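Student:
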Amino acid sequence: MTALLSIRDLRVAYRRDGVEVAALKGVSLDVLAGERLAIIGESGSGKSTLALAVAGLLPQSAVIGGTIGWPIPKSQTSHSFAPPSRPRDAIPLLGRDIGFVFQDPSSSLDPVMPVGKQIAEVVRTHLKLSWRDSYTKAKTLLQRVRLPDPDSALHTYPHQLSGGQKQRVAIAAAIAAAPKILIADEATSALDTIVQAEIVALIRRLVAEDGMTLIFISHDIALAASLADRIAVLRHGELIELGETHQIIEAPRHTYTRALLEAHLGLDAKPLLGRQGASA
Amino acid sequence: MTVLAASSLTKRYRRGDKPFAAVDNVSFEIGPAETLALAGPSGSGKSTIARLVLRLIEPDAGRVDFEGADFLALSGAALRARRARIQMVFQDPLAAFNPRATVARVLDDPLRIHGIATRAERPRRIAALLERVGLDAGLAARAIHEISGGQRQRVAIARAIATRPSLIVLDEAVSALDVSVRGQILELLLDLQRQERIAYLFISHDLGVIRAVAHRVVILDAGRITESGDARSVIANPQSAIGKALVAATPRLTRSRP
């Protein structure tokens, strides 16, 4: 498979109280076209920073080094972060080329705009369709994310929907312009287990149907393994291990990956509670 | 002997114009040194039950007996005294505490309010509490916002055990922690339970965690108990539709074990 995205020596630091705090310390990896790549790690590992960097969503104040190369057709360019002038179509555009799903749909959706308009806006902006055609496409998207009764759903506001339904709308908006890459940043972490499984199934189906490349950011190694072809393990801003999912799960090379697997409390894990501890 | 007995607890709210029961005729018991887990999807009534048991809200019907007394009938000084025996740990200790308060201050409050130690004794008691939850006594002078999430949850546990409770309500108490820290906190809770015979009402959406630490589990759906029993048996062989759905939705690592 060819690389859709080549990340080389990516360094990101945030300024806090005048001090630079490193969030990514020289991460290099390729994202392959059409793959489902999970990026996992604990808090402070830099996994969200990596997602935001790829999407071009880092705050202005972030100090960025290294390159994210996009060997996209015709313009085989990398954009180094240093020069401000970059050819306009050489780098991917958030919304058009990259769809992004955040953890909390309540804060990523506009609370005072009907959900149909929020999706249609993405379509109109990036696909240059009329409002009428954009709404038609929005309705199709709501069907694709399996929101019940898409006709009336177009006119609902986010607060009228459940958490899982809101995340479906956010996913519809993210894929509205048929992006090449879908980034889901802890997109199911605020949902309960059952809804999480439904949203993961939805993401899996949409990615397969549209041939999208998925970057799935998660703290949950088991959830990541259920979805991803490859898993990248980050810790303290460094890439610890990257491999095929079955290799990471069954033959992890790094002690930290093994520790993460050991700490997972699955339904087949050894209980911490001794049976003799049970009270009468 | 039971520490806590909830009988036919019901709590109704209104959703728009329609009344609905957030908790509907729920009964359960917890014995000394026992962990009873409440599991269920969002909106199944888990946290409402926690708040009813803590008497942060009053039920529309039902009864709560705590340490043999009608907990809902207590008021004034008797209620305050009994409340020291039920403690709580929530998901986010940063939201539960004043972030600018020092660790010492957070631990001093219950000791002072419940008259557990004199002013002169309290610094020593605070140091002992910190040590009990695996923290350095030197942490006492630090502000809550300065310490890590795992340390904060240990402080929350130290605060909860300061009044020597017989029951601690743990509402998603380990859900926001990194997995490596989570294991340590669960071990701490089990250790405290063995030593002090504390009962836990353990609320979690994570069946893996419940299976690891709970003796019994109650599965809730839309405010009602759908099934209950030995935690490992119920999770291994759920009978209710929602129990089956919860088990099926739990992510699992399929690998050949060493």
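Line by line, the protein sequences are chains F and L. Using the working numbering, you'd call the opening residue of the first sequence number 544 and step up by one each time. Using the working numbering, you'd call the opening residue of the second sequence number 17 and step up by one each time. All residues carry an ideal CB built from backbone N, CA and C; glycine is no exception. Values in this document were obtained by computation on a predicted structure and should not be read as measured data.
(1) For residue 637 of chain F, which option in F:655, F:660, F:600, F:656 has the closest C-alpha, if you only look at C-alpha atoms?
(2) Along the stretch 656-678 of chain F, where does the CB come closer than 7 Å to a CB of chain L? Name the residues.
(3) I want to see whether chain L comes within less than 8 Å of residue 577 of chain F, judged by CB atoms only; does it?
(4) Decide if the stretch 225-242 of chain L is in contact with the stretch 800-820 of chain F; the criterion is three or more beta carbon pairs, one per stretch, under 8 Å apart.
(5) Can you give me the C-alpha to C-alpha distance between residue 628 of chain F and residue 554 of chain F, rounded to a whole angstrom?
(6) According to DSSP, simplified to helix, strand and coil, what is residue 127 of chain L?
(7) Consider the Cβ of residue 57 of chain L: report whether some Cβ of chain F lies at a distance smaller than 8 Å.
(8) Along chain F, in chain order, which residues have C-beta atoms closer than 9 Å to that of residue 203 of chain L?
(9) What is the residue span of the beta strand (DSSP E) that residue 552 of chain F lies within?
(10) Nearest CA to the CA of residue 644 of chain F: which residue from F:804, F:763, F:746?
(11) By the three-class DSSP mapping on this structure, what secondary structure does residue 693 of chain F have?
(12) In chain order, what residues of the same chain lie with their CB nearer than 8 Å to the CB of residue 143 of chain L, ignoring the 5 residues before and after it?
(13) Looking at the unbroken alpha helix (DSSP H) that takes in residue 188 of chain L, where does it start and where does it end?
(14) Is the beta carbon of residue 647 of chain F less than 8 Å from the beta carbon of residue 733 of chain F?
(15) If you draw a straight line from the C-alpha of residue 184 of chain L to the C-alpha of residue 116 of chain L, how long is it?
(16) From which residue to which residue does the alpha helix (DSSP H) around residue 166 of chain L run?
(17) Given this structure, state the Cα-to-Cα distance separating residue 545 of chain F from residue 756 of chain F, to the nearest angstrom.
(18) If you measure beta-carbon to beta-carbon, which residues of the stretch 172-195 of chain L are closer than 7 Å to chain F?
(19) I want to see whether chain F comes within less than 8 Å of residue 228 of chain L, judged by CB atoms only; does it?
(20) Quick one: what's residue 21 of chain L bridged to in DSSP?
(21) Can you tell me whether residue 674 of chain F is buried or exposed? The criterion is at least 16 other CB atoms within 10 Å of its CB, across all chains shown.
(22) Is there a C-beta anywhere in chain L that falls below 8 Å from the one on residue 736 of chain F?
(23) Following the continuous beta strand (DSSP E) through residue 728 of chain F, name the residue where it begins and the one where it ends.
(24) To the nearest angstrom, report how far apart residue 124 of chain L and residue 753 of chain F are at their CA atoms.
(25) Would you check if the distance between the CB atom of residue 726 of chain F and the CB atom of residue 594 of chain F is smaller than 8 Å?
(26) Quick one, which of F:723, F:711, F:716 has its alpha-carbon nearest residue 577 of chain F's?
(27) Determine the contact status of residue 220 of chain L and residue 53 of chain L, defining contact as a CB-CB distance below 8 Å.
(28) Run down chain F in chain order and give the residues with a C-beta less than 8 Å from the C-beta of residue 221 of chain L.
Tutor: Based on what the coordinates show:
(1) F:600
(2) none
(3) no
(4) yes
(5) Low per-residue confidence applies at residue 628 of chain F: pLDDT is 43, beneath 50, and the placement is therefore not dependable, though the value from the model is reported in the following sentence. The alpha-carbon atoms of residue 628 of chain F and residue 554 of chain F are separated by roughly 20 Å.
(6) helix
(7) yes
(8) 815
(9) 546-559
(10) F:746
(11) helix
(12) 153, 156
(13) It is not in any alpha helix (DSSP H) - residue 188 of chain L carries neither H nor E in the DSSP assignment.
(14) yes
(15) 25 Å
(16) 165-177
(17) 12 Å
(18) 194, 195
(19) yes
(20) L:45, L:81
(21) exposed
(22) yes
(23) 724-728
(24) 58 Å
(25) yes
(26) F:723
(27) yes
(28) 735, 736
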